[in-house]
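In my numbering, the protein residues as written are 1 to 222.
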Amino acid sequence: MSYKLDIKDDALRICGLFGTYEAADDGSGGFLVSVQQDSCVNEIDADGEEYLVDFGQEWSVPVKNLSELNGFIKRCEEERLWNYLPGPVFRMKPDMENGILYIRGQSRNFVIGEGDKGLYVDESASTKNHNYKDDLLGITRYMTAEDKWWQRPAEETMDIARNMRCAAMITSGGNLQLEYRNKSLCIGQKDDGSFWVNVSGDQEKHIFFKDNWKEVIALLGN
């Protein structure tokens, strides 16, 4: 498999058949890889309005060295990932009573909840010292970076996203999209810490504004 290489001042731009991969120095000997796809997608903002965003604009993947960089690109191209999906996909299970979202990745698991200091993402529900993040975008970026989601076979990923109806996906704009039974929730966080949720299902679409994470998760059961 051959690639086109474009060397920039501070990055390598590697063009494959199914995506373009821009690898920038992360300052510690590794690379931060941004995946750029050939088209754009409509995202939803806090007012329920659509706007265009490049595929993969708000998420990137860290790799430690050239070997990992090669492995990431080779895997994505062999699986033709960008023919099927715009970004990371995870299995998920909601705990609507307690406002907790359990995420099962390919190499790591996550628990998303809300505490005294805002949103946190932990490795297990028994963690006492929560790993707080600034906002929901910080959590989706963390999940994208920490899990080897791209190592999962594309067929399995598509089965999770389309057939299991119990999936968490990270959109090109960095928002969190939940597919649960007959509902699809696109969740974003506003500057004041509250949430907007675009809910679609049964040929209906609504936008909700919620003050806390528990109220957001409760929408999955309404």
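Idealized CB from N, CA, C, for every residue including glycine.
So if DSSP puts residue i in a beta bridge, which residue, or which two residues, is it bridged to?
i: H206; result: V199
i: I187; result: L176, V197
i: S28; result: S28 pairs with nothing; no bridge assigned.
i: K4; result: C15
i: Q36; result: T20
Take residue i and list the residues in its own chain whose beta-carbon comes closer than 7 Å to its own, dropping the five residues that flank it on each side.
i: K64; result: G30
i: A11; result: E22, A23, A24
i: P94; result: L101, Y180, I217, L220
i: Y3; result: I14, C15, G16
i: E77; result: M1, G16, L17, F18
i: I73; result: I14, G16, Y21
i: T165; result: Here residue 165 is Arg; the residue named in the question, Thr, does not match the sequence. So the qualifying residues of the chain are E179, Y180, R181.
Excluding the 5 residues flanking residue i on each side, which residues of the same chain have their C-beta closer than 6 Å to its C-beta?
i: D26; result: L32
i: I103; result: F90, M92, F110, A168
i: F208; result: V197
i: C186; result: I44, N175, Q177, N198
I'd like to check one pair, residue j with residue i: are the Cβ atoms closer than 8 Å?
i: G87; j: T20; result: no
i: F90; j: A167; result: yes
i: K205; j: W196; result: no
i: L136; j: L101; result: no
i: G99; j: E123; result: no
i: M96; j: L178; result: no
i: W59; j: G188; result: no
i: P153; j: E79; result: yes
i: G201; j: N222; result: no
i: W150; j: L69; result: no
i: T157; j: L85; result: yes
i: S194; j: K214; result: no
Skipping 5 residues on each side, what residues in its chain have a beta carbon closer than 8 Å to that of residue i?
i: K133; result: G118, L119, Y120, V121, I139, Y142
i: A161; result: L85, V89, A167, M169, E179
i: D147; result: P88, F90, G105, Q106, S107, R108, F110
**Request:** Could you tell me whether the segment 139 to 154 touches the segment 106 to 117, where touching means 3 or more Cβ pairs closer than 8 Å?
**Result:** yes
**Message:** In chain order, what are the residue ranges of uninterrupted alpha helix (DSSP H) at least 4 long that sit wholly in the segment 119 to 153?
**Reply:** 136 to 146
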